[in-house]
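Numbering (our numbering), first residue to last: 14 to 310. C-beta atoms are modelled at their ideal positions from N, C-alpha and C, and glycine is treated no differently. Take a look at the structure set out below.
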Amino acid sequence: MSNSKLPVVGASQAQHFPQVFPQLPILGSDRTIWTGISLEYHRQPPFETAEYTIASYQIGINLGQSFQMERKIDAKWETKQVLPGAIGLCPFNLSHQLRWHGEMNLLSLNLEHELLVRSALELFNTDRVELLWPMAFQDALIQQIGLALKIEAQSDGGGSRLYTETMANALAVHLLRHYSTQGHRKLGWQGGMCQHKLRLVQDYINDYLERELSLDELAGIAQLSPYHFSRAFKQSVGISPHQYVIQQRVERAKQLLLQGKMSLSEIAIACGFSHQSHLNRHFKRLTGVTPKTLLKF
Numbered sequence: 014m015s016n017s018k019l020p021v022v023g024a025s026q027a028q029h030f031p032q033v034f035p036q037l038p039i040l041g042s043d044r045t046i047w048t049g050i051s052l053e054y055h056r057q058p059p060f061e062t063a064e065y066t067i068a069s070y071q072i073g074i075n076l077g078q079s080f081q082m083e084r085k086i087d088a089k090w091e092t093k094q095v096l097p098g099a100i101g102l103c104p105f106n107l108s109h110q111l112r113w114h115g116e117m118n119l120l121s122l123n124l125e126h127e128l129l130v131r132s133a134l135e136l137f138n139t140d141r142v143e144l145l146w147p148m149a150f151q152d153a154l155i156q157q158i159g160l161a162l163k164i165e166a167q168s169d170g171g172g173s174r175l176y177t178e179t180m181a182n183a184l185a186v187h188l189l190r191h192y193s194t195q196g197h198r199k200l201g202w203q204g205g206m207c208q209h210k211l212r213l214v215q216d217y218i219n220d221y222l223e224r225e226l227s228l229d230e231l232a233g234i235a236q237l238s239p240y241h242f243s244r245a246f247k248q249s250v251g252i253s254p255h256q257y258v259i260q261q262r263v264e265r266a267k268q269l270l271l272q273g274k275m276s277l278s279e280i281a282i283a284c285g286f287s288h289q290s291h292l293n294r295h296f297k298r299l300t301g302v303t304p305k306t307l308l309k310f
């Protein structure tokens, strides 16, 4: 079967496997917010797919019980017992076929090709991306990133663009350093940000707290790549850009609450939270009290 006749599953589709898996995913990421990466959560009965290709870098994480998986690549079948938490990397733009026995409880992370290419240029000064495709292995960091993104996709607001982009970049770098033909290499950036650029970024964040800020946007102000910006910002401030934005939004909410001129729902929107419960959750997490409790003091 030639690749030109295979179903090609790409990041622009509503689901990544509508023609491949027997059932639609029970969870998917918000495509209006997430960039560079998307997520789907599947519960699939025993099944054998047709041959297909994937137009993104797909990482599968087993969130269920152990089951047996068979995968065919280049006409060769490989069989593995997929243990709970096991990871599988699917080949990019290469014909393959899957067969599994027992229910498959799969979290699928799909990285866009452009993100891997950009990360490879930053790390290795080459745009040639060639990942390895191991099956049923354990990697605690990939599992943690996957579970964190699943929680983000399940959040009321559909997730934070800044947070998901940070996780996507971290995942891309991890894959390139540990599961690519380039192998392990030291990263060149070790220091924090200069005070001038840090102040520019912080002022920009405070000026546009009500907006959905992106990692590319903030990195551009600092004139750094997204990955190096995240590392430098955390080294300079002590927390990630996403955590800093949430912190500043809560501080702004405090000020508006004490002024007493706006409702809680109005304050939430003015500070960049998707709704009042989103504000309440982060406010209590960072201050120990709810917004209404603060007003009683």
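Where residue i sits in the DSSP three-state scheme
i, result
"Gly233", "helix"
"Thr92", "strand"
"Leu226", "coil"
"Leu292", "helix"
"Ala149", "strand"
"Thr66", "strand"
"Ile50", "strand"
"Asn219", "helix"
"Arg44", "coil"
Host alpha helix (DSSP H) of residue i (start-end)
i, result
"His255", "254-272"
"Tyr176", "174-191"
"Leu37", "Neither: Leu37 is in no alpha helix (DSSP H) and is coded neither H nor E."
"Ser278", "277-283"
Residue range of the unbroken beta strand (DSSP E) whose run includes residue i
i, result
"Asn75", "70-75"
"Ile100", "100-103"
"Arg84", "80-86"
"Arg244", "Segment 239-250 is the alpha helix (DSSP H) holding Arg244; no beta strand (DSSP E) there."
"Leu111", "109-114"
Closest Cα partner of residue i within the set the options
i, options, result
"Asn118", "Thr139, Trp47, Arg84, Leu40", "Leu40"
"Gln71", "Trp47, Gln268, Ile100", "Ile100"
"Leu299", "Ser108, Glu264, Thr45, Asn106", "Glu264"
"Asp152", "Ile74, Phe242, Ser290", "Ile74"
"Ala166", "His288, Trp47, Ser290, His295", "Trp47"
"Leu231", "Arg174, Ala283, Thr66", "Arg174"
"Thr66", "Gly98, Glu53, Asn106", "Asn106"
"Thr45", "Met206, Thr194, Glu178", "Glu178"
"Gln236", "Pro254, His255, Leu226, Val214", "Val214"
Would you list, in sequence order, the uninterrupted alpha helix (DSSP H) runs of no fewer than 4 residues that lie entirely inside the stretch 121-146? 126-137
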